Each structure stands twice: as C-alpha cells, then as structure tokens.
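All residue numbers for the sequence shown refer to this note's numbering, where the first residue is -15 and numbers rise by one.
All C-beta atoms in this analysis are idealised placements derived from N, C-alpha and C, irrespective of residue type, glycine included.
Please read these numbers as outputs of a predicted model, since none were measured by experiment.
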Amino acid sequence: MKNSEIRALSESELQERIAAEQTNLTKLKFAHAISPIENPNKIKESRRFIARLKTELTAKQQAK
-15 MKNSEIRALS
-5 ESELQERIAA
5 EQTNLTKLKF
15 AHAISPIENP
25 NKIKESRRFI
35 ARLKTELTAK
45 QQAK
C-alpha cells in the first residue's frame, strides 16, 4: 500500500487496519517460531507497515 493510499484513509479505517495488521504480524511470528517461514522478511515488512499506519494516524490526530 502506497503512502498516498494510507493518507486517503480515515482515522477509523486506519485503526481497523492497524488492528488487522497486528494480528497478522502475531500470526507470522508464531508461524516462524514453530517452523521457519519461507520469507522471514515478511515480518520486517509487516512491522514497518504498521509503523507507517501509526505515523499517519498520529499525524491526523494532531492535525485536529
């Protein structure tokens, strides 16, 4: 998802997306702990995507 697409989301959509991505990250971590996943970089990408979502959410909240 591009940054322009993230900026277009509303606060509630951002919060929902963050929650969904955090559950996905948790599942990835558990799957990797049990048996190594095919592409462990997905964990890093997921963490960074959550950070980008949280950054945009914070910016929107401070703009109010």
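Does the beta-carbon of Glu0 have 16 or more other beta-carbons within 10 angstroms, so that it is buried, or is it exposed?
-> The residue labelled residue 0 in the question sits at position 16 within the sequence shown. With fewer than 16 Cβ atoms within 10 Å of its Cβ, Glu0 is classed as exposed.
Cβ separation of Glu31 and Leu9, assumed to be a contact under 8 Å, to the nearest whole Å = Residue mapping note: residue 31 aligns to position 47 of the sequence shown, counting from 1. Residue mapping note: residue 9 aligns to position 25 of the sequence shown, counting from 1. Position check: residue 31 holds Arg in this sequence, whereas Glu was assumed. Correct: roughly 7 Å between the Cβ atoms.
Glu40, buried or exposed, once every other Cβ within 10 Å from all chains shown has been counted against 16 | Within the sequence shown, the letter at position 56 stands for residue 40. By the 10 Å Cβ count, Glu40 comes out buried.
Name the two residues that bound the continuous alpha helix (DSSP H) containing Lys44.
-> Locating residue 44 in the sequence shown gives position 60, where the first residue counts as 1. It spans 25 to 47 - the alpha helix (DSSP H) in which Lys44 sits, taken as one unbroken run.
Ends of the alpha helix (DSSP H) at Leu(-2)?
-> Here residue -2 refers to the residue found at position 14 when the sequence shown is read from its first residue. That run of the alpha helix (DSSP H) goes -5 to 18.
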